[in-house]
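**Q** For the sequence shown, counting from 1, position 39 maps to 1469 in the working numbering; every step adds exactly one.
Think of the CB as a built atom: it goes at the ideal place given N, C-alpha and C, for glycine as much as any other residue.
Small disclaimer: the values here were computed from a predicted structure and weren't measured.
Let me give you the structure first, and then I'll get to my questions.
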Amino acid sequence: MFGPRLTRVFASRNNALWWSAMVLVTAYCVAADPPAEVAPVTDAAVTQADRQPADPWSDVKDVAKKREELLR
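In structure tokens form, the structure reads like this:
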């Protein structure tokens, strides 16, 4: 589908090593950097997390209303 055919990639050891190296380089370039420092958990952070709704899709349900507010 995308990229070279697998029969051609694994036809020789060099092709297989080159292909695997490019996969690793792509993964390295795409992966996000980890945070530099983890902040300690405070009571304010815990109460903020408790205020969030239990339904993860609840924020998406009223997209039209938010869009109208933004366009005003």
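Put S1442 into one of helix, strand or coil per three-state DSSP.
**A** Position 12 of the sequence shown, counted from the start, is the residue given in the question as residue 1442. If DSSP states are grouped into helix, strand and coil, S1442 belongs with coil.
**Q** In the structure shown, what three-state DSSP assignment does R1497 receive?
**A** Sequence index remark: in the sequence shown, residue 1497 carries index 67 (1-based). R1497: helix per DSSP, three-state reduction.
**Q** Going by the beta-carbon positions, is the gap between V1439 and N1445 smaller than 9 Å?
**A** For the purposes of this step, residue 1439 is taken as residue 9 along the sequence shown, with counting starting at 1. For the purposes of this step, residue 1445 is taken as residue 15 along the sequence shown, with counting starting at 1. It is a contact, given that the beta carbons lie within the stated cut-off.
**Q** Please report the straight-line C-alpha distance between L1436 and W1448, rounded to a whole angstrom.
**A** For the purposes of this step, residue 1436 is taken as the residue at position 6 of the sequence shown. For the purposes of this step, residue 1448 is taken as the residue at position 18 of the sequence shown. Taking the straight line joining both Cα atoms gives about 13 Å.
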